[in-house]
Each structure stands twice: as structure tokens, then as C-alpha cells.
Amino acid sequence: MFDRSIKIAPSILSADFANFGAECRAIEAQGADWVHVDVMDGHFVPNLTFGPAMCAAIRKHIKGVMDVHLMISPVDAYIDAYAKAGADVITAHLEAGPHIHRTLQAIRATGAKAGLALNPGTGLDALPHLLDMVDLICVMTVNPGFGGQKFIGSQLEKIRAIRAMIGDRPVHIEIDGGVTVETAPLVAAAGADVLVAGSAVFSGGSVDSPSVYGTNIAAIRAAAEAARG
Ligand code: DX5
Ligand code: ZN
Numbered sequence: 133m134f135d136r137s138i139k140i141a142p143s144i145l146s147a148d149f150a151n152f153g154a155e156c157r158a159i160e161a162q163g164a165d166w167v168h169v170d171v172m173d174g175h176f177v178p179n180l181t182f183g184p185a186m187c188a189a190i191r192k193h194i195k196g197v198m199d200v201h202l203m204i205s206p207v208d209a210y211i212d213a214y215a216k217a218g219a220d221v222i223t224a225h226l227e228a229g230p231h232i233h234r235t236l237q238a239i240r241a242t243g244a245k246a247g248l249a250l251n252p253g254t255g256l257d258a259l260p261h262l263l264d265m266v267d268l269i270c271v272m273t274v275n276p277g278f279g280g281q282k283f284i285g286s287q288l289e290k291i292r293a294i295r296a297m298i299g300d301r302p303v304h305i306e307i308d309g310g311v312t313v314e315t316a317p318l319v320a321a322a323g324a325d326v327l328v329a330g331s332a333v334f335s336g337g338s339v340d341s342p343s344v345y346g347t348n349i350a351a352i353r354a355a356a357e358a359a360r361g
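So the sequence shown is numbered by the working numbering: it starts at 133 and just counts up by one.
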């Protein structure tokens, strides 16, 4: 069921890499709505992370939505593998290849929800041609590749423009990068509903002190909901 309520999606890029199963169980128990998995290839972005086998392994520890963000190029050849690994949402970048239309069709053909990610330097010219093929638009508020970067405020205008273009279509607006208690109200007021947060959720906590995750998630959610009015 589609709704525009605020959803917090912790990015496990900031989790303990030796303990993903326990980390996923901990963030869900502490109120995470979705689990965000950042897949990086060392080519489209300057970092390397999770292959499909890793996603399939952690899937067993996630009860809710597994939100897979593919920062890889080429992307089409890997879509089926991430769908088989259990991704509920698969997001590809507009900048990752010449045929984003085909990529989005391929994602939907697997049965997964299709997400379209836009880097901070990317405009919205293509959006009217893609809006009816997507379930989510991911607005990058940092340049992709690493957690813990500073929020790029110029993206707020882009979020507002996308919200207006979506109208009443059932398309989520996800924000990825630099989401904190300070920036969550700005993006929520601009029209976002899915807030990815890595460092702001995991900092100060651990699987042995999971209540810190809960406090962090609740604070981001409260700040975003307050800004919605
Ligand atoms: C950046 C990733 C983000 C990142 C968010 O390339 O797509 O999901 O992990 O991390 P924070 O919230 O620390 O900016
Ligand atoms: Zn991401």
C-alpha cells in the first residue's frame, strides 16, 4: 500500500561490516521502516561494497523492505541477480548508462519496485518521460560513494520541483546523503517521504547498545514529521 508517511531507511553502509545480520535485526527492532543497501562498484563511484550474494545473505535478517541502491555501471546485467537476492526496491542511476528507460523496464519486469536516482549535478529534463515507469525517485543530496558527507542544500529546490511533477502519482521521493535531525525537516517540507540516513542513525550505537539507534531514528522522524505540519 502506497502512502506518503515519513519512512526512515538506515543505510547499512554505516553499520558494522562484520555483523550485518545483527545490525539489520537491531535497526528494524528500533523502528527502521526500510533497510537501505548501498551497492558500489569502484567504477561508477569510487568505493566497493555489496554483491548479490551479500544481499541474499542479509535478506534473511530483514523482515520489511530491502531497498537496494545500485551505484554501478553497467547496471542491466545485474538487475536479475539483485532481484533474486530479495530486493523489494531496486534503484538505478540516470547517469549510469545510456538507456535508463530500458533499465527501469527491466527492474519492473522482475517484480521489484523501480527507483530512479539523480546525482546532485543532474537536472530534471528526462523526468516527464520516466515518471510513469518509476515507483521512487531518489534525490542524492551528496555525491554518491561514501557515508558521512555534508548535505548539499541546493537540492531542496529540485525536491520541490519533483514533488510538483509527481502530482498524485504513487511515487516516493527518497533523500539520500547527509540526512540528520537538522536537514530532515528541510527535505520533508520540500516533499520527501523516504529518508535514508547512515551516519545519523548508527553513530553512537552498536548491536550491544541498540537503543541509541532507536533514539536516533525517532529524533529524525520527529523532526521530519514536525516540518510536515
Ligand atoms: C552515498 C550513499 C548513502 C550514504 C548515506 O553514496 O548512497 O546511502 O550511505 O550516508 P549518510 O547518511 O552518512 O550521508
Ligand atoms: Zn544510498
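Note that the Cβ used here is the ideal one computed from N, Cα and C, for glycine as well.
Residue i versus residue j - alpha carbon distance
i, j, result
"G309", "K195", "24 Å"
"V319", "T312", "10 Å"
"I239", "I211", "6 Å"
"F182", "M172", "7 Å"
"P302", "K290", "18 Å"
"A258", "I138", "26 Å"
"G163", "P206", "34 Å"
"L262", "Q237", "10 Å"
"A150", "S335", "16 Å"
"F134", "A219", "17 Å"
"D300", "A324", "14 Å"
"D208", "G280", "28 Å"
"T242", "K216", "8 Å"
"T273", "A350", "21 Å"
"P276", "G361", "31 Å"
"V271", "R295", "11 Å"
"L434", "P252", "No answer is possible for residue 434: it lies beyond the span of the chain, which begins at 133 and ends at 361."
"I307", "L226", "15 Å"
"F278", "L250", "16 Å"
"P178", "E357", "34 Å"
"A189", "I232", "28 Å"
Local conformation of residue i per DSSP, three classes
i, result
"L263", "helix"
"I298", "helix"
"S338", "strand"
"D135", "coil"
"L202", "strand"
"V313", "coil"
"D257", "coil"
"Q237", "helix"
"N348", "helix"
"G153", "helix"
"D208", "helix"
"I291", "helix"
"A217", "coil"
8 Å Cβ shell around residue i - same chain, five flanking residues per side excluded
i, result
"G174", "L180"
"A332", "V311, T312, V313, N348, I352"
"R292", "A322, G323"
Beta-bridge partners of residue i, as assigned by DSSP
i, result
"G247", "T223, L268"
"A141", "V328"
"E306", "C270, V326"
"M172", "M203"
"V197", "W166"
"L180", "D173"
6 Å CB neighbourhood of residue i in its chain, flanking five on each side removed
i, result
"A141", "W166, H168, D199, V326, V328"
"I159", "P142, Y345"
"F176", "M203, I204, S205, A228"
Same chain, Cβ closer than 7 Å to residue i, five either side skipped, listed in chain order
i, result
"E155", "I144, A147, D148, V339"
"A355", "V313, A316, P317"
"A246", "I222, L236, I239, R240, M265, V266, D267"
"A161", "P342"
"A244", "A215, A219, D220, V221, I222"
"D170", "S143, L145, T181, H201, M203"
"G285", "none"
Residue i beta carbon near the ligand ATP (any heavy atom closer than 6 Å)
i, result
"P276", "Ligands in the displayed structure: the ligand DX5 and the ligand ZN; the ligand ATP is not one of them."
Worksheet item: Could you name the residues, in chain order, whose CB is less than 6 Å away from a heavy atom belonging to the ligand ZN?
Response: S143, H168, D170, H201, D308, V328
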